[in-house]
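Participant: Take a look at this one; I'll ask things after.
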Amino acid sequence: MAPVTEPRRQLHRWLAIGGLACLLAGSSALAAWRDEHAILINTTESLPNWAFFIDKHRRPQRGDFVVFTPPVTPIITAHFGPKSPPFAKRVYGMPGDLVTREGNAVLINGAEVARLKPRTRRGEVLVPGPTGRIPEHCYYLGTAHSDGLDSRYADIGFVCRARIIGTGDAIL
Numbered sequence: 062m063a064p065v066t067e068p069r070r071q072l073h074r075w076l077a078i079g080g081l082a083c084l085l086a087g088s089s090a091l092a093a094w095r096d097e098h099a100i101l102i103n104t105t106e107s108l109p110n111w112a113f114f115i116d117k118h119r120r121p122q123r124g125d126f127v128v129f130t131p132p133v134t135p136i137i138t139a140h141f142g143p144k145s146p147p148f149a150k151r152v153y154g155m156p157g158d159l160v161t162r163e164g165n166a167v168l169i170n171g172a173e174v175a176r177l178k179p180r181t182r183r184g185e186v187l188v189p190g191p192t193g194r195i196p197e198h199c200y201y202l203g204t205a206h207s208d209g210l211d212s213r214y215a216d217i218g219f220v221c222r223a224r225i226i227g228t229g230d231a232i233l
């Protein structure tokens with residue numbers, strides 16, 4: 062075997078330094094991606110999808126999935142525990158839209174988006190959510206599932222920017 066020459070040693074050194082630089086740049090890019098994105102696994106029946114790619118900086122639009130931190134209420138705590146996981150729901154109403162009720166029907170700008178139930182499956186009383194114009198930076202979030210806990214009930218209400226984790230796309 063031929064002895065390693067000085068130029069070869071320098072080449073190996075530069076290759077090692079270059080490899081280390083690529084590794085550091087890659088881990089830095091991965092950390093930056095992680096700070097702006099997430100993956101959410103949905104374990105409830107309220108949405109047909111169970112995996113979502115979340116962009117923490119994308120502004121929600123009608124029809125988008127929004128992931129948010131639910132408020133701490135007795136019903137949410139009873140069903141999801143004292144540290145509830147994030148919720149994912151679809152944007153049905155945008156800032157400025159008008160939410161009204163006719164009987165047990167919830168309407169946004171005159172179109173029915175949900176029906177109210179008087180009680181949960183466990184028998185807890187469900188209080189209807191807010192009506193009126195949706196405030197700036199807030200959204201009416203819902204699901205087509207009849208047992209979904211969403212903006213139609215006071216326990217969720219309008220979801221505003223401070224509670225929003227990100228806007229998602231269903232991936233599975």
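According to our numbering, numbering within the sequence shown proceeds without interruption in unit steps and concludes at 233. Heads up, the beta-carbon is just placed ideally off N, CA and C, and yes, glycines get one too.
1. Terminal residues of the continuous beta strand (DSSP E) containing Thr181?
2. Quick test of your reading: Ile100 and Pro156, contact by CB under 8 Å. State the CB separation rounded to the nearest angstrom.
3. Looking at Lys144: is its Cβ nearer than 8 Å to the Cβ of Gly227?
4. If you draw a straight line from the C-alpha of Glu197 to the C-alpha of Arg213, how long is it?
5. Could you give the distance in angstroms between the alpha-carbon of Val133 and the alpha-carbon of Thr204?
6. Can the beta-carbon of Arg176 be found closer than 8 Å to that of Ala166?
7. What are the boundary residues of the alpha helix (DSSP H) that includes Thr105?
8. Between which two residues does the alpha helix (DSSP H) carrying Phe141 extend?
9. Hey, would you say Ile225 sits closer than 8 Å to Val127, going by beta carbons?
10. Mark Leu210 as exposed unless 16 or more other C-beta atoms lie within 10 angstroms of its C-beta, in which case mark it buried.
11. For Asp216, count neighbouring Cβ atoms within 10 angstroms of its own Cβ and tell me buried if that reaches 16, exposed if not.
12. Who are the near neighbours of Thr138 in its chain, counting only those whose CB is closer than 8 Å to its CB and skipping five residues on each side?
13. Beta strand (DSSP E) containing Asp116: first to last residue?
14. So, at 7 Å on beta carbons, what are the nonlocal neighbours of Thr181 in its own chain, with the 5 sequence-adjacent residues on each side left out?
15. What does the alpha-carbon distance come out to for the pair Asn170 and Asp158?
16. Determine the contact status of Phe114 and Val220, defining contact as a CB-CB distance below 8 Å.
Facilitator: To lay it out plainly:
1. From DSSP, Thr181 is part of no beta strand (DSSP E); its letter is neither H nor E.
2. That pair is no contact at about 28 Å.
3. no
4. 18 Å
5. 20 Å
6. yes
7. Counting along the chain, Thr105 falls outside any alpha helix (DSSP H), and DSSP gives it neither H nor E.
8. Pro135 to Phe141
9. yes
10. buried
11. buried
12. Ser145
13. Ala112 to Asp116
14. Ile136 and Leu187
15. 6 Å
16. no
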